[in-house]
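Numbering (my numbering), first residue to last: 744 to 1429. Notes follow the structure.
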């Protein structure tokens, strides 16, 4: 804090000033936003740094840049520093002994006089852009650096048109700008292009004779060198303590940014328990930081004036390190919350099409919807749990130790807990529940009477996450296990027109029956056919799939069916039905009467097929008939007589072998029985 008193008349000061030119212009760019870097750009001394950190210095003009801190870890920032100086003024040694107002020494209100002043002006253009995620931050910062470095070099064409590529123009539209400077400008720039316009006008804003320059640096001379009775600065704050205070404030700023990012993350609105803890933490933290700074502001003047020893400041810094608000404890808690959020995000990201219920009201709205019979909810059950660390923070803020920032006693004890998401046992259970829920939701997504949700409900009996089953608004099972993907079917018998399968129930859930799905496939085909679906009546161990085409390749799979839905389909197996045996050959027709013919054929060439034939089916058909008429031969015979045929009609005849009641061979080639014409003739008797 500077006290406006003087030892000399203004006229005397102006008359004897040593003034000479000191022109210099600098241009710097930095990507760092640390307190250390900010103070370095302004060339702040260690003593003044301590006063600023304690909040004892009120900044203005370009120095307001010191208070412009990033509020988010996703905030990409590049700062351009423009600095210009023009003249240097200093007192001559002849003035030191010609004091007009010696009473200043008696007032004890000042410790130094200003011996020299460097005049000029400074400006800071702060460019920001938010990154959507951490991996894009470096790219954005690199682009910011490139574009900011171009500002002094942009050339002008015609009537002010910039030589800027379309890509550059698109890029800079995403930048925001904040200006801090010693220049009087009509309006503060908020965009890159506006900043460029302001930058070009800066030299002219100082006036034709640079009369609008301001002091940018001063040199001080201790009053005690002029009079031993003058107030004096007894001691400077040691560099190590100033650095320690700076480190603490940097760490608190880091915590503030992380906390801001987490509370502003729209994702946490889905989980009210987690959101409330973060806001509680943020509120407690915001109470602590200003009190810590106030303690510094109370101690520094007393230390500099010799009324307190430096050790008092060292004790305050040590008290902070031992307090519940120490950086490692704050960061540990935030790390745990970030891990918790990351795990919740990982789980919900795998269920992107499933809505998250952000409140009990939202959940009830679905549960009591009369159009929905069944609700199956993936439920996080452990988000509400005791947080002893938050309790300790609250107790500390109301303690005498905090008010005096003294060394602590027992505040850090008993704050260790094991969050639910660090348990490997819970993690394994949650993974199983997740896969089961996802598979069941995908298999039943088209069921309009069933709804799948994600929610958070505190339930200590089912830690981690569980699947809740609601029927008609009522919770039926808080540990529901849906039927899971069954093992592939096993073929136990294959025939030309049917396949017998062995089906196994799901390893989880209650299987009531099976849903068998099959389709014919052609190897190399570009498209796949539709599945044909058939349900079994129960969970019988085997199921015969009939009505298939002989010699055809099929894909077959099945699902377990429960009372509330079906499982994922099993892996499909491929089965080719047996081809039909060849039909009888060398079919021969001979008339044996006016209305009778004798049909003979050759039995199968294969001995195995001959043994399997029970008899033969002989079929005949008039062209006017829609259906074939069949007659079975006697067992073991390859001859059959057909009677009742009209001699004037044409008939077609075919023969097939019968192996079982349902299985037959392919039919023979058809033979014709022509109509009789002309006079009657004799016939061979049967």
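For each residue, glycine too, the CB sits at the ideal point set by N, CA and C.
Close beta carbons around residue i, own chain, < 8 angstroms, minus the five adjacent residues each side
| i | result |
| --- | --- |
| residue 1415 | 1332, 1393, 1394, 1395, 1396 |
| residue 1098 | 1196, 1197 |
| residue 1007 | 815 |
| residue 765 | 828, 829, 830, 831, 861 |
| residue 958 | 860, 861, 862 |
Residue nearest to residue i in terms of C-alpha spacing, selected from the options
| i | options | result |
| --- | --- | --- |
| residue 1292 | 1093, 1242, 1326 | 1242 |
| residue 769 | 1328, 806, 805, 865 | 865 |
| residue 876 | 854, 1005, 888 | 1005 |
| residue 1001 | 1063, 1076, 1417, 1360 | 1076 |
| residue 1067 | 1027, 1299, 1095, 948 | 1027 |
| residue 755 | 833, 1165, 1365 | 833 |
| residue 965 | 1034, 1364, 853 | 853 |
| residue 987 | 1069, 954, 927 | 1069 |
| residue 952 | 879, 884, 863, 923 | 863 |
| residue 772 | 959, 1326, 826 | 826 |
| residue 785 | 798, 1094, 775, 806 | 806 |
| residue 712 | 1194, 1172, 1230 | No statement about residue 712 is possible, as the shown extent of the chain runs from 744 to 1429 and does not include it. |
| residue 1358 | 1364, 1345, 1369, 1367 | 1345 |
| residue 998 | 856, 1071, 809, 940 | 1071 |
| residue 1347 | 1261, 1194, 766, 1327 | 1327 |
| residue 799 | 1339, 1036, 981 | 1036 |
| residue 1295 | 1261, 1418, 963 | 1261 |
| residue 1410 | 1367, 1324, 1389 | 1324 |
| residue 1047 | 934, 955, 793, 1311 | 793 |
| residue 1050 | 1011, 810, 980, 1079 | 980 |
Span separating the alpha-carbon of residue i from that of residue j
| i | j | result |
| --- | --- | --- |
| residue 1126 | residue 1203 | 10 angstroms |
| residue 823 | residue 763 | 28 angstroms |
| residue 829 | residue 760 | 16 angstroms |
| residue 945 | residue 926 | 7 angstroms |
| residue 1042 | residue 856 | 24 angstroms |
| residue 898 | residue 804 | Reliability fails at residue 898, whose pLDDT of 41 lies under 50, so the model's placement of it is uncertain and no value is given. |
| residue 1401 | residue 1321 | 15 angstroms |
| residue 880 | residue 984 | 33 angstroms |
| residue 1313 | residue 1298 | 11 angstroms |
| residue 1208 | residue 1114 | 27 angstroms |
| residue 1248 | residue 1184 | 19 angstroms |
| residue 1419 | residue 1362 | 20 angstroms |
| residue 1386 | residue 1413 | 18 angstroms |
| residue 1406 | residue 1174 | 50 angstroms |
| residue 751 | residue 1030 | 46 angstroms |
| residue 1059 | residue 1074 | 20 angstroms |
Contacting residues, own chain, Cβ-Cβ under 7 angstroms from residue i (five flanking each side not counted)
| i | result |
| --- | --- |
| residue 818 | 871, 873 |
| residue 796 | 988, 989, 992, 1039 |
| residue 1022 | 1006 |
| residue 1025 | 1002, 1006 |
Residue i classed as buried or exposed, judged by whether at least 16 other C-beta atoms fall within 10 angstroms
| i | result |
| --- | --- |
| residue 902 | Because the pLDDT at residue 902 is just 43, under 50, the model does not fix this residue reliably, and the point stays unresolved. |
| residue 1219 | exposed |
| residue 757 | exposed |
| residue 1373 | exposed |
| residue 1179 | buried |
| residue 1122 | buried |
| residue 1146 | exposed |
| residue 1308 | buried |
| residue 1337 | exposed |
| residue 896 | exposed |
| residue 1020 | buried |
| residue 1063 | buried |
| residue 776 | buried |
| residue 1082 | exposed |
| residue 1201 | exposed |
Close-in-space but distant-in-sequence residues of the same chain around residue i (CB under 6 angstroms, 5 per side omitted)
| i | result |
| --- | --- |
| residue 938 | 868, 920, 932 |
| residue 1106 | 1100, 1198 |
| residue 1003 | 814, 815 |
| residue 1274 | 1260, 1262 |
| residue 1014 | 1126, 1199 |
| residue 1233 | 1245 |
| residue 821 | 774, 870, 887, 888, 891 |
| residue 1319 | 1296 |
| residue 1302 | 1258, 1309, 1310, 1312 |
Interface flag, residue i vs chain B, CB-CB below 8 angstroms
| i | result |
| --- | --- |
| residue 1012 | You won't find chain B in this structure, because it holds only one protein chain. |
Q. Is it a yes or a no for the stretch 1054 to 1067 touching the stretch 811 to 826, going by three-plus beta-carbon pairs under 8 angstroms?
A. With the cut-off at 8 angstroms, the stretch 1054 to 1067 and the stretch 811 to 826 do not touch.
Q. Are at least three pairs of beta-carbons, each pair with one atom in the stretch 1210 to 1230 and one in the stretch 1135 to 1148, less than 8 angstroms apart?
A. no
(Q) For the pair the stretch 1220 to 1238 and the stretch 1251 to 1261, tell me if three or more CB-CB distances fall below 8 angstroms. (A) yes
Q.
Is it the case that the stretch 1233 to 1242 contacts the stretch 1282 to 1291, given that we only count it when at least three CB pairs across the two stretches are under 8 angstroms?
A. yes
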